[in-house]
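Accompanying notes for the structure given below.
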Amino acid sequence: MAGQAPRVFPSPRELGPALAGLVAQRAADAAERFALGLSGGSLVELLARELPAALAAAPPAAPWLLALCDERLVPPGHPDSTGGAYEAQLLPRLPTPPPRMLAPRPGLRPAAAAADYAEQLHQVPAAGAAARGVAPRTARPRSPLPPT
1 MAGQAPRVFP SPRELGPALA GLVAQRAADA AERFALGLSG GSLVELLARE
51 LPAALAAAPP AAPWLLALCD ERLVPPGHPD STGGAYEAQL LPRLPTPPPR
101 MLAPRPGLRP AAAAADYAEQ LHQVPAAGAA ARGVAPRTAR PRSPLPPT
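Just so we're aligned: 35 in full-length UniProt numbering is position 35 of the sequence shown, and the numbers increase by one with no gaps anywhere.
This is the structure:
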């Protein structure tokens, strides 16, 4: 998708199926492994709602590897944990085997957690896709995007 212009959708209702379809197609096109970078926020709920149906309609996919793009340094069960949100809302709805998820290790100090997570990321090939910044404009009031 290098060089492709960003797409703007009028609302999450239109964005959800398009994003889920793109992720499902990229996963189906992956040869040995599909790596996906994920942010948190409204993306968790959107993917949990739309992705299972898109995957059911797509050809079988390679094993998945998920990497968190903006995880907070909190325990996995904490309400602010992006990884915890994906584990609770999305992973149970995905086909088996479940994806492997890379996340900062809990219990480390911030600098050590960042270094450890960077090392985890260096151990895997580049992501096949990254889903970030899909929140509606109301969540980012200074966004240059037109109002939704």
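By construction, the Cβ of each residue, glycine as well, lies at the ideal position given by its N, Cα and C atoms.
- Span of the beta strand (DSSP E) holding residue 100? Note, residue 100: beta strand (DSSP E), 100-102.
- Item | Unbroken stretches of the beta strand (DSSP E), 3 residues or longer, contained in the stretch 46-96 | Entirely contained in the stretch 46-96, the beta strand (DSSP E) runs reaching 3 residues are, in chain order, 64-68.
- Query: So what does DSSP say about residue 35, is it helix, strand or coil?
  - Reply: In the structure shown, residue 35 sits in a strand (DSSP, three-state: E or B).
- Query: What does a CB cutoff of less than 6 Å around residue 96 pick up in its chain, not counting 5 residues either side in sequence?
  - Reply: Only residues of its own chain outside the window of five on either side were considered, and among them none has a CB closer than 6 Å to the CB of residue 96.
- Check residue 114 in the structure and name its three-state DSSP category. DSSP places residue 114 within a helical segment (H, G or I) once states are collapsed to three.
- Query: With C-beta atoms as the reference, is residue 23 less than 8 Å away from residue 51?
  - Reply: Yes.
- Query: Looking only at its own chain, which residues have a Cβ that is under 6 Å from the Cβ of residue 9, when we skip the five neighbours before and after it?
  - Reply: Same-chain partners within the cutoff: 15.
- Task: Look at the Cβ atom of residue 42, then the Cβ atom of residue 69, and state whether they are nearer than 8 Å.
- Result: Using a Cβ distance threshold of 8 Å, residue 42 and residue 69 do not count as a contacting pair.
- Simplified DSSP state of residue 40, which is helix, strand or coil: Here residue 40 sits in coil by DSSP.
- Task: Excluding the 5 residues preceding and the 5 following residue 150 in the sequence, name in chain order all residues of the same chain whose CB lies nearer than 6 Å to its CB.
- Result: With the chain represented from 1 up to 148, any question about residue 150 goes unanswered, as that position is not in the structure.
- Query: With distances taken from CA atoms, which of 17, 20, 18, 48 is nearest residue 88?
  - Reply: Of the candidates 17, 20, 18, 48, 48 places its Cα closest to the Cα of residue 88.
- Who are the Cβ neighbours of residue 83 in its own chain at under 7 Å, not counting the five residues just before and after it? If we look at residue 83 and ignore the five residues flanking it on each side, its Cβ neighbours are 68, 71, 76, 101, 103.
- Query: Does the Cβ of residue 124 have 16 or more other Cβ atoms within 10 Å, making it buried, or fewer, making it exposed?
  - Reply: It is exposed - the Cβ of residue 124 has fewer than 16 other Cβ atoms within 10 Å.
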